[in-house]
Structure formats: C-alpha cells, structure tokens
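Trainee: Counting from 449, one number per residue, gives the positions in the sequence shown under the working numbering.
We put the beta carbon where it would ideally sit given N, CA and C, even for glycine.
Quantities reported herein were computed from a predicted structural model and do not represent experimental measurements.
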Amino acid sequence: MLASPNSVAAVSSLGRTRIKRLVSSCGIEAWFVQDSTVPLITMEYAFTGGATQDPAQKPGVGHMVSGLLKEGSGDFDFKTFHQRLDRRAIELGFHVTPDHFRGALCTLQDNADEAFELLRTALTSPRFDSADVERTRATVLARLRHASTDPSSLAHRKFLEVAFGDHPYARPAEGSLESLPKIEVADLKGYVRRVIAKDTLKIAIVGDVDPAVVCKLLDKTFGGLPSNAEAVPVTEVIAAKPPQRVFIPVDVPQTVVTFGGPAVRRSEPDFMAAYIVNHILGDAGLTSRLFREVREKRGLAYFVREHLVWLDHSAIFLGSSGTCADRAGQTVEEIEKQVRHIAEEGPTQQELDDAKSYLKGAHQVALNTSSKLARTLLKNQIDKLPIDYFEKQNALIDGVTLEDAKRAAQRLWGEGLLTIIVGRSSNDAA
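1) Round the Cβ separation of Leu825 and Asp656 to the nearest angstrom and send it over; I've been treating them as touching at under 8 Å.
2) So, is Leu821 buried or exposed, given that buried needs 16 or more other C-beta atoms within 10 angstroms?
3) What ranges does the beta strand (DSSP E) occupy inside the region 528-612, keeping only unbroken runs of at least 3 residues that lie completely in it?
4) Nearest-angstrom Cα distance between His755 and Val705?
5) Give the secondary structure of Arg788 by DSSP, where H, G and I count as helix, E and B as strand, and everything else as coil.
6) For Gly520, count neighbouring Cβ atoms within 10 angstroms of its own Cβ and tell me buried if that reaches 16, exposed if not.
7) In whole angstroms, what is the alpha-carbon distance linking Asp726 and Gln531?
8) Per the contact definition of three or more C-beta pairs closer than 8 Å, is the region 611-623 in contact with the region 470-490?
9) Short of 7 Å in beta carbon distance, which residues of its chain neighbour Asp831, apart from the five on each side in sequence? Order them along the chain.
10) Using a Cβ distance threshold of 8 Å, determine whether the region 736-756 contacts the region 775-785, with at least three qualifying pairs required.
11) When you compare only the Cα positions, how much space is there between Ile653 and Trp758?
12) What would DSSP say about Asp836, mapped onto helix, strand or coil?
13) Drop a sphere of 10 angstroms on the beta-carbon of Pro629, count the other beta-carbons inside from all chains shown, and report buried for 16 or more, exposed for fewer.
14) Pop quiz: Leu800 and Ile869 are said to be a contact at Cβ under 8 Å. What is the actual Cβ separation, rounded to whole angstroms?
15) Can you list, in chain order, the residues of its chain whose CB lies under 8 Å from that of Ile845, leaving out five sequence neighbours each side?
16) Taking Cβ to Cβ, would you say Phe549 is nearer than 7 Å to Phe495?
17) Write down the C-beta distance between Leu734 and Thr669 rounded to the nearest angstrom, noting that I regard them as a contact closer than 8 Å.
18) Which residue or residues does DSSP assign as beta-bridge partners of Thr706?
19) If the criterion is Cβ atoms closer than 7 Å, does the pair Leu516 and Thr584 meet it?
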C-alpha cells in the first residue's frame with residue numbers, strides 16, 4: 449500500500465497552499481504541498497545531529513561528510529555520479545548546521561526515479577574514495593586558511609568560544625587547521641552510521657507529483673536507513689552572560705565587531721515578542737535602530753546588523769559591524785548605547801506596528817517559490833511547530849503588545865553585550 453486515507457491527511461492550508469502530512473507504508477513521514485505550477489519536485493530534509501555529533505577532538509567530520517556524499521556512492525565513482533546528476537539536471541546537496549545534517553533535492557518530475565535513487569545510494573552507501581576525501585579535505589583546509597586571517601571569521605569563532613565554553617556549540621562546524629588532517633575514513637563512516645537514521649528524519653516536499661507517488665519515493669529512498677540514530681546526548685546551555693569585551697589584534701584595514709548574548713528559546717512564550725523587538729533593533733535592514741543610529745546618522749560603521757539564532761539546546765542574539773580602527777571604540781559605544789536604550793525603554797508603539805506589518809508581509813514572500821516553501825516547512829518541523837502554524841502566525845504577531853515587546857527587550861539586552869573586536873589596535877576599542 450502506498451497511501452491510504454489514514455496515511456495521507458490534509459490538515460492545513462494557507463491561501464491556496466494546502467499542506468498534507470504523508471506517512472508511507474514504511475512509516476516515513478513528510479509534510480507535502482502539491483504544486484503543479486511547474487513540473488518540479490523539491491525536497492528538503494534533516495537528520496538530528498549536525499556538528500554537535502563530531503568527535504570532540506575532530507570537529508569538521510560532519511562537514512566533511514556533507515561534502516563527500518555526492519562524490520560517489522555504490523557502484524558510481526565521482527565522475528559517474530556527477531555525470532548522472534548533470535545529464536538529468538538533478539540538484540543534490542548536503543550541509544551541516546550545529547544541530548542537523550541537512551539535504552536538499554530538486555528534480556524535474558520526469559527524472560524523479562533516478563534523482564531519488566541517487567540520493568538513496570548517497571545516504572546508504574557512500575564510497576569515501578581516498579582521492580575524493582583528500583580533494584575535499586584540501587578544499588576545506590584552503591577555506592580554513594583564509595578564515596584564519598579573515599576578521600569576520602575570527603570574530604565569529606571567538607564569540608562562540610567565549611559564549612559556549614566547552615559545549616559542542618563552541619566547536620567550529622568546518623573544523624580547524626589542526627583537526628582536519630586527523631579525520632580518517634573511519635570517522636566519516638562512523639558519523640553516517642550514528643546520525644543518518646529514520647527516527648530523527650524530518651522531510652518537506654513541494655512539487656508536481658501525486659501523494660501516492662511521494663510515499664513510494666519516500667520508502668524507496670529512506671526505508672533502508674537504520675531505524676535509530678546513535679547520537680551522543682547534547683546538554684542544554686545558556687550562553688555566557690555579558691558584559692564582556694575581547695580584542696584580537698589583526699593588521700587589516702577594517703575592524704570587525706561581533707556582539708551578542710543569551711536570547712529567548714523558540715519554544716518559550718516570549719519568543720514572538722523577542723522576534724519582533726529584535727527586528728526593530730537590528731534585523732530590519734536600513735530601517736533598524738542600529739543602522740539608523742550607527743550608520744546613517746553618525747557614519748561610524750560600514751554596516752551593522754543583528755539577528756536571533758535559536759538552536760536545539762540554546763538561543764543567542766548575534767550582531768556584527770564593520771568600521772575603521774580609529775572609530776572602533778565609538779562604534780562599540782554607540783551600539784551598546786542603543787542596546788541599553790531599547791532594553792530600558794523598549795520600542796515605540798509606531799515601531800511595533802511597523803514591524804508587525806512588515807513581518808506579516810515578509811512571511812508571505814518567504815513562501816513564493818517551491819524551494820522557499822520546502823525550506824520553511826522543514827524549519828517549522830525542526831522547530832516543533834504545528835502543521836497549521838501558517839494559519840496562526842499572523843495572529844501570534846498581532847497578539848504581541850507593547851508591554852510584551854518591552855519585557856522581551858529587557859530580557860534580551862538588559863545585561864549588555866558580549867563583544868569581540870578584531871582589527872588594528874585602538875586605544876578605546878577594548
């Protein structure tokens with residue numbers, strides 16, 4: 449049986465977007481939107497684990513795996529595998545986040561069988577041929593060597609180290625110049641065995657395909673995976689409390705400032721208020737408070753931005769700015785001033801109303817292509833949101849009061865900032 453009335457349930461709709469929860473005969477579940485606009489099938493999926501499952505002394509294993517899964521599998525070496533992808537215009541990709549090993553597939557409807565078969569072999573029988581491993585290792589090492597002198601990369605890495613200490617979130621997902629040479633094929637195979645399994649799998653599919661066919665493809669592609677992952681438990685963690693400043697001297701023309709601190713978890717009642725007030729402070733582009741006060745009015749920085757990052761086991765707010773060395777101190781002081789001001793006073797009613805209006809419109813735009821919709825459906829599953837969240841989202845935004853926003857601002861920024869400054873020495877920067 450491919451799809452019975454019990455295994456295909458239409459449970460949510462947003463405008464003309466009808467979301468179904470599919471469950472295949474092998475028990476593989478997916479959120480699905482049937483869209484006949486173009487003859488494409490787009491799939492986004494994730495396994496829980498990500499970079500947190502790298503061995504403590506070998507960060508970068510999961511990242512290496514993500515670069516190698518489409519370099520050959522089963523009977524297909526690197527050249528043959530890529531020839532089959534190219535011949536059918538199949539897009540297949542993998543990447544690692546701190547908490548998930550993610551993948552994406554996009555194919556024409558007529559090529560679905562071959563596309564999903566190539567994905568199946570990539571997940572179940574990756575080759576990890578030595579030439580491919582060394583080529584991928586060399587590519588990652590080249591990026592890491594560049595990052596070792598790049599102020600933005602240095603600031604971001606130092607922020608995570610200070611914020612998370614000995615927690616896995618502090619480790620670089622790409623690995624390090626020290627760890628990459630130590631990674632062996634056995635580490636890559638071990639990661640696949642421990643992480644890629646059915647019990648943590650989340651799937652979103654959008655495309656011109658019948659639900660029964662989707663269920664068949666799900667069984668064919670994922671049905672042979674191990675039933676249970678062997679993930680190492682990851683502890684909950686709160687980022688180190690600010691205020692702190694760390695200065696890293698690097699002789700570069702532009703000084704980079706990275707700042708942040710603990711934030712509100714996605715599952716907490718105050719999340720939506722925090723999301724909106726964060727948009728007001730630094731995530732609204734040219735209209736954000738930070739951009740207006742730091743860049744536009746005072747001309748202190750080339751750019752300034754800030755956003756929320758919610759993880760499976762923590763949450764932070766994270767911002768960055770670029771300036772010249774002799775203005776780094778002024779830039780940091782002005783950022784801290786604006787953060788203190790919104791923490792103490794909160795946003796205005798007009799700012800709150802404008803942010804609500806923008807975010808409701810932006811969420812609609814985020815669903816205007818099949819790839820965006822699939823990514824959003826997967827993200828909602830990862831965030832443990834209900835399948836009808838699209839229908840509730842605007843009401844949740846509208847339900848945030850000025851009092852809620854002020855409370856969230858105080859909670860986010862009331863303790864100040866953890867600030868990392870990377871650049872030429874400046875007397876007032878650190």
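Mentor: On the basis of the coordinates in this document:
1) Between Asp656 and Leu825 the Cβ distance is about 16 Å, and since that is not below 8 Å, they are no contact.
2) buried
3) 539-544, 548-556
4) 14 Å
5) helix
6) buried
7) Reading off the sequence, residue 726 comes out as Asn, not Asp. Cα to Cα, the separation comes out at about 46 Å.
8) no
9) Arg714
10) yes
11) 24 Å
12) coil
13) exposed
14) 32 Å between Cβ atoms; not a contact.
15) Met720, Ile724, Lys804, Leu807, Lys808
16) yes
17) No, Leu734 and Thr669 are not in contact; Cβ-Cβ is about 43 Å, not under 8 Å.
18) Ser768, Ile868
19) yes
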